[in-house]
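See below for the structure under consideration.
Number of protein chains: 2
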Amino acid sequence: MMAGVKGGFAISIDDVFAAHQRIADHIIRTPAIESERISNRLGCRVFFKAENLQHAGAFKTRGAVNAVMSLNDEDARRGVVTHSSGNHAAALARAAALRGIDAHVVMPENSSPKKMAAVRSYGCEPVLCGPSTPEREAAAESLRQKTGATLIHPFETPAVMAGQGTVGIELIDQIDSLDAILVQVGGGGLLSGVLIAVKSLRPDIKVFAVEPELADDTARSLKAGSPQSPTRYDTVADGLRTEVGANAFPIIRDLVDGIFLVKETAILAAMRLIAEEVHLVAEPSGAVSLAGLIDQAEQFQGQKVAVVISGGNLSFGACTMGTH
Amino acid sequence: MMAGVKGGFAISIDDVFAAHQRIADHIIRTPAIESERISNRLGCRVFFKAENLQHAGAFKTRGAVNAVMSLNDEDARRGVVTHSSGNHAAALARAAALRGIDAHVVMPENSSPKKMAAVRSYGCEPVLCGPSTPEREAAAESLRQKTGATLIHPFETPAVMAGQGTVGIELIDQIDSLDAILVQVGGGGLLSGVLIAVKSLRPDIKVFAVEPELADDTARSLKAGSPQSPTRYDTVADGLRTEVGANAFPIIRDLVDGIFLVKETAILAAMRLIAEEVHLVAEPSGAVSLAGLIDQAEQFQGQKVAVVISGGNLSFGACTMGTH
Numbered sequence: 000m001m002a003g004v005k006g007g008f009a010i011s012i013d014d015v016f017a018a019h020q021r022i023a024d025h026i027i028r029t030p031a032i033e034s035e036r037i038s039n040r041l042g043c044r045v046f047f048k049a050e051n052l053q054h055a056g057a058f059k060t061r062g063a064v065n066a067v068m069s070l071n072d073e074d075a076r077r078g079v080v081t082h083s084s085g086n087h088a089a090a091l092a093r094a095a096a097l098r099g100i101d102a103h104v105v106m107p108e109n110s111s112p113k114k115m116a117a118v119r120s121y122g123c124e125p126v127l128c129g130p131s132t133p134e135r136e137a138a139a140e141s142l143r144q145k146t147g148a149t150l151i152h153p154f155e156t157p158a159v160m161a162g163q164g165t166v167g168i169e170l171i172d173q174i175d176s177l178d179a180i181l182v183q184v185g186g187g188g189l190l191s192g193v194l195i196a197v198k199s200l201r202p203d204i205k206v207f208a209v210e211p212e213l214a215d216d217t218a219r220s221l222k223a224g225s226p227q228s229p230t231r232y233d234t235v236a237d238g239l240r241t242e243v244g245a246n247a248f249p250i251i252r253d254l255v256d257g258i259f260l261v262k263e264t265a266i267l268a269a270m271r272l273i274a275e276e277v278h279l280v281a282e283p284s285g286a287v288s289l290a291g292l293i294d295q296a297e298q299f300q301g302q303k304v305a306v307v308i309s310g311g312n313l314s315f316g317a318c319t320m321g322t323h
Numbered sequence: 000m001m002a003g004v005k006g007g008f009a010i011s012i013d014d015v016f017a018a019h020q021r022i023a024d025h026i027i028r029t030p031a032i033e034s035e036r037i038s039n040r041l042g043c044r045v046f047f048k049a050e051n052l053q054h055a056g057a058f059k060t061r062g063a064v065n066a067v068m069s070l071n072d073e074d075a076r077r078g079v080v081t082h083s084s085g086n087h088a089a090a091l092a093r094a095a096a097l098r099g100i101d102a103h104v105v106m107p108e109n110s111s112p113k114k115m116a117a118v119r120s121y122g123c124e125p126v127l128c129g130p131s132t133p134e135r136e137a138a139a140e141s142l143r144q145k146t147g148a149t150l151i152h153p154f155e156t157p158a159v160m161a162g163q164g165t166v167g168i169e170l171i172d173q174i175d176s177l178d179a180i181l182v183q184v185g186g187g188g189l190l191s192g193v194l195i196a197v198k199s200l201r202p203d204i205k206v207f208a209v210e211p212e213l214a215d216d217t218a219r220s221l222k223a224g225s226p227q228s229p230t231r232y233d234t235v236a237d238g239l240r241t242e243v244g245a246n247a248f249p250i251i252r253d254l255v256d257g258i259f260l261v262k263e264t265a266i267l268a269a270m271r272l273i274a275e276e277v278h279l280v281a282e283p284s285g286a287v288s289l290a291g292l293i294d295q296a297e298q299f300q301g302q303k304v305a306v307v308i309s310g311g312n313l314s315f316g317a318c319t320m321g322t323h
């Protein structure tokens, strides 16, 4: 155990190191791109960790690959199962295909057609279910019992958390003298993984969470001292509508340097700014960290700050982009 | 002079090497990102050289920085001048600001407001003129005579061509066993620079040009054996409406492995595919090389192919991106 992080969490820095080695050949080491224009505008040097360029379009690929490649051969033969409306679904389908095993992916019937198509593109037909969390969990559990497949939860499975934490290892390596990292939080898999990595290796780097005001369960959980449920599920940042995970929460509670809440309009403005000025396509969920930085720019003046951008799985109509 | 490239061209590999060193601290070494989905779709491994993530949004920054940093102090003091409706204008304004000298940038009055704003963002007020080439050239020449500034042409200035050629050096370094590079051609600065770099260092790598059917002057010039004028100026790929340069033409004629013409619909489809599947924002001009690869995919089966993506300087309306 290194300085700065006590033991007893669901994952340790050794798990993140192991994930880093295990997944290296199967993921993209995404660039951390500085945007000079946004740096000038905000008064700090802003680096975009471009996980929207990751295979399957999101950081979820890291955790999914790590979880699938961690299985012993006997478990692997029985396949994997998950429920997800979003990028974890495609990421797990891809990871299972890489290992040549079955993936059983439960998706709510109101999932985005594009995200369903992404799952199919990896040779996996999603199993549809009702939209509520109990319906999703029941469908996944039923498949698990029938097939003996291993559940790979989108954020609660420790191997998933460790895989997402490799974003932190890469950022430390890619940006000299980094001062702070801003990370969006939904279930907390990415945030907790990054916290374990960064606070173990470079406790001087601040790590802040950013969460939509309309999905503020993590902020309320930190105040209450225990995980609180969401009260609504309608933020435009659809990837962050979940409640913070039981494995992630203690890590976030003990290690995060602060949490910023952002408005819906700020999320959409950040998404547009990322497209127009950085020339990256991010989903609303993947633009939340920049929204937080814009709101809080004053406290980062002169610093080097990384924001994690993810999930570019959007559709563009024929009329959507103009040269003027 | 290395194997494969004779002398007598406007630039040599030594010029490209010198540019590579000169500009290193002032540009982004842009990533060459593989898109697994597009690779699977096309049957070859496709790498996107993401020059849309370059400072000022386009590869033009390389040539502009190289040209400005190549000036001796006396010339530099009198500033630089150019005419451009596009990304070279902003790139030169930025390069001049880096060196602390004046830039006089002539832009047609019908230029995109976004591109004018980009020039202003580097502290340079564009000088507006009529839209025709003679009007642009006259306005720039008048400014040159008045100020003594050095003309930095968007593609004819050898230092600009050498700067764009650094894309070729980086690609060779970034992608093992690369088989082919597809490069869009307008004035030919990028194409000729890449040809000098690649054919000097790795003559086994094929380099193909891609040009809009509606701006086919380079294809006609290659057939005729001498530079031919454009017959129309209405391709959606507005950065490629210029005629091929007199300095670039002999390089292209002697070294290019072929030229592909693409339809307007193919350019727009490629731009959309880049946004939806790769999650990068490219201008139509910057999507032309992918359009060529899609058309010609059959001849690249099983190969490793790089396409140069550039210019993400688009505007997005509030309604332009959807999660479904």
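If you're matching them up, the sequences are chains R and L in order.
Residue 78 in numbering that gives the first Met the number 0 is what sits at position 79 of the first sequence, and the numbering runs on without skipping anything.
Residue 54 in numbering that gives the first Met the number 0 is what sits at position 55 of the second sequence, and the numbering runs on without skipping anything.
In this text, a Cβ means the ideal position worked out from N, Cα and C, and glycines have one as well.
- request: With DSSP as the reference, please indicate the residues paired to residue 260(R) in a beta bridge.
  value: Position 261 of the first sequence holds residue 260(R). BP columns for residue 260(R) point to 210(R).
- prompt: In chain L, which residues lie with their C-beta within 7 Å of the C-beta of residue 51(R)?
  reply: Taking the first residue of the first sequence as 1, we reach residue 51(R) at position 52. Result: 278.
- request: Determine the DSSP secondary structure at residue 107(L), reduced to helix, strand or coil.
  value: Mapped onto the second sequence, residue 107(L) falls at position 108. It is a strand residue.
query: What's the gap between the Cα of residue 306(R) and the Cα of residue 89(R)?
result: As a position in the first sequence, residue 306(R) is number 307, starting the count at 1. As a position in the first sequence, residue 89(R) is number 90, starting the count at 1. Straight-line Cα distance between these residues: approximately 23 Å.
message: Rounded to whole angstroms, what is the Cα-Cα separation between residue 67(R) and residue 167(R)?
response: Along the first sequence, read from residue 1 onward, the residue named residue 67(R) stands at position 68. Along the first sequence, read from residue 1 onward, the residue named residue 167(R) stands at position 168. Near 21 Å, if we compare the C-alpha coordinates of residue 167(R) and residue 67(R).
Sequence-distant residues of its chain with Cβ nearer than 6 Å to residue 93(R) (five each side left out): Locating residue 93(R) in the first sequence gives position 94, counting from the first residue. Contacts found: 55 and 121.
task: Please report the Cβ distance between residue 148(R) and residue 77(R), rounded to the nearest whole angstrom; I am assuming they are in contact, meaning their Cβ atoms lie under 8 Å.
output: By 1-based counting over the first sequence, the position of residue 148(R) is 149. By 1-based counting over the first sequence, the position of residue 77(R) is 78. Indeed they touch by this definition, with Cβ atoms about 5 Å apart.
task: Figure out for me which residue from 11(L), 291(L), 299(L) and 154(L) has the closest Cα to the Cα of residue 361(L).
output: Missing from the structure shown is residue 361(L); chain L here goes from 0 to 323 and no further.
- prompt: Can you find a C-beta in chain L that's less than 8 Å from the C-beta of residue 35(R)?
  reply: Taking the first residue of the first sequence as position 1, residue 35(R) is located at position 36. Yes, residue 35(R) lies at the interface with chain L (some Cβ there is under 8 Å from its Cβ).
- prompt: Can you tell me where the beta strand (DSSP E) with residue 174(R) in it begins and where it stops?
  reply: Counting from one through the first sequence, the residue named residue 174(R) turns up at place 175. Unbroken run through residue 174(R): none, as it is neither H nor E.
Chain B residues whose Cβ lies nearer than 7 Å to that of residue 56(L): The structure shown has no chain B; the protein chains it does contain are R and L.
field: Length of the line joining the Cα atoms of residue 244(L) and residue 204(L)
entry: Taking the second sequence and counting its residues from 1, the one referred to as residue 244(L) is at position 245. Taking the second sequence and counting its residues from 1, the one referred to as residue 204(L) is at position 205. About 24 Å.
Residue-level contact to chain L via CB, residue 70(R), 8 Å cutoff: Counted from its first residue, the first sequence places residue 70(R) at position 71. Answer no: the Cβ-Cβ gap between residue 70(R) and chain L never drops below 8 Å.
message: Can you tell me whether residue 269(R) is buried or exposed? The criterion is at least 16 other CB atoms within 10 Å of its CB, across all chains shown.
response: To locate residue 269(R), count along the first sequence from 1; it is residue 270. The residue is buried, with at least 16 neighbouring Cβ atoms inside 10 Å.
message: Quick check: the Cα distance between residue 16(L) and residue 209(L), rounded to an integer number of angstroms?
response: Locating residue 16(L) in the second sequence gives position 17, counting from the first residue. Locating residue 209(L) in the second sequence gives position 210, counting from the first residue. Using only the alpha carbons, I get a separation of about 25 Å.
- prompt: Residues of chain R with CB under 7 Å from residue 30(L), in chain order?
  reply: Numbered from 1 along the second sequence, position 31 holds the residue referred to as residue 30(L). Here the neighbours are 30.
field: Touch test, the segment 282-297 of chain R against the segment 178-197 of chain R, Cβ-Cβ under 8 Å, three pairs minimum
entry: yes
query: Under three-state DSSP, which class holds residue 54(L)?
result: Numbered from its first residue, the second sequence carries residue 54(L) at position 55. In the structure shown, residue 54(L) sits in a helix (DSSP, three-state: H, G or I).
query: Apart from the five residues on each side of it in sequence, which residues of its chain come closer than 8 Å, Cβ to Cβ, to residue 44(R)?
result: Taking the first sequence and counting its residues from 1, the one referred to as residue 44(R) is at position 45. Once the five neighbours on either side are set aside, the close Cβ partners of residue 44(R) are 33, 38, 302, 303 and 304.
task: Please compile the residues from chain R whose C-beta is within a distance smaller than 7 Å of the C-beta of residue 83(L).
output: For the purposes of this step, residue 83(L) is taken as residue 84 along the second sequence, with counting starting at 1. Residues of chain R passing the Cβ test: none, with the nearest at roughly 15 Å.
- request: Between the Cα of residue 251(L) and those of 49(L), 275(L), 220(L) and 238(L), spot the shortest distance and give me the residue it belongs to.
  value: Your numbering for residue 251(L) matches position 252 in the second sequence. Cα-wise, what sits closest to residue 251(L) is 220(L).
task: Quick one: list the residues of chain L neighbouring residue 311(R), beta-carbon separation under 7 Å, in chain order.
output: Working through the first sequence from its first residue, we reach residue 311(R) at position 312. Simply 278.
- prompt: Using a beta-carbon distance cut-off of less than 8 Å, what residues from the segment 260-284 of chain L approach chain R?
  reply: 267, 270, 271, 274, 275, 277, 278, 279, 280, 281, 282 and 283
query: Looking only at its own chain, which residues have a Cβ that is under 6 Å from the Cβ of residue 327(L), when we skip the five neighbours before and after it?
result: Residue numbering for chain L in the displayed model covers 0 to 323; residue 327(L) lies beyond these limits and cannot be assessed.
- prompt: Taking a cut of 7 Å between CB atoms, which residues from the segment 129-153 of chain R lie near chain L?
  reply: none
task: Starting from the beta carbon of residue 120(R), find every residue of chain L whose beta carbon is closer than 7 Å, and list them in chain order.
output: Position 121 of the first sequence, counted from the start, is the residue given in the question as residue 120(R). Ordered by position in chain L, the residues that pass the 7 Å Cβ test against residue 120(R) are 36.
field: Among 254(L), 75(L), 280(L) and 114(L), the one whose alpha carbon lies nearest that of residue 274(R)
entry: Stepping through the first sequence from its first residue, residue 274(R) is reached at position 275. Of the candidates 254(L), 75(L), 280(L) and 114(L), the one whose C-alpha sits nearest the C-alpha of residue 274(R) is 280(L).
task: Using a cut-off of 8 Å between C-beta atoms, extract the partners of residue 26(L) located in chain R.
output: For the purposes of this step, residue 26(L) is identified with residue 27 of the second sequence, where counting begins at 1. Neighbours of residue 26(L) on chain R: none; closest Cβ ~10 Å, over 8 Å.
field: Interface residues of chain R facing residue 8(L) [CB-CB closer than 7 Å]
entry: For the purposes of this step, residue 8(L) is taken as the residue at position 9 of the second sequence. Correct list: empty, because the minimum Cβ distance to chain R is about 32 Å.
message: Tell me which residue opens and which closes the beta strand (DSSP E) that residue 5(L) is part of.
response: As a working mapping, residue 5(L) is identified with position 6 in the second sequence. Where residue 5(L) is concerned, there is no enclosing beta strand (DSSP E), given that its DSSP letter is neither H nor E.
task: Answer yes or no: does any C-beta atom of chain L fall closer than 8 Å to that of residue 323(R)?
output: Reading the first sequence from its first residue, position 324 is the one you call residue 323(R). Only weak support exists for where residue 323(R) lies, its pLDDT of 40 falling under 50; the coordinates are left without a value.
task: Taking only the alpha-carbon atoms, compute the straight-line gap between residue 264(L) and residue 283(L) and give it to the nearest angstrom.
output: Residue 264(L) sits at position 265 when you count from the first residue of the second sequence. Residue 283(L) sits at position 284 when you count from the first residue of the second sequence. Going by the C-alpha atoms only, they are around 10 Å apart.
query: What number of angstroms, rounded off, separates the C-alpha of residue 129(L) from the C-alpha of residue 216(L)?
result: Taking the first residue of the second sequence as 1, we reach residue 129(L) at position 130. Taking the first residue of the second sequence as 1, we reach residue 216(L) at position 217. Roughly 23 Å between the two C-alpha positions.
message: Using DSSP's beta-bridge definition, name the partner residues of residue 32(L).
response: Along the second sequence, one-based indexing puts residue 32(L) at 33. Looking at the DSSP assignment, residue 32(L) forms a beta bridge with 47(L).
message: In chain order, what are the residue ranges of uninterrupted alpha helix (DSSP H) at least 4 long that sit wholly in the segment 184-239 of chain R?
response: 188-200 and 216-223
- request: With 8 Å as the threshold, decide whether the Cβ of residue 315(L) is near any Cβ in chain R.
  value: Against the second sequence, residue 315(L) aligns to sequence position 316. Yes, residue 315(L) lies at the interface with chain R (some Cβ there is under 8 Å from its Cβ).
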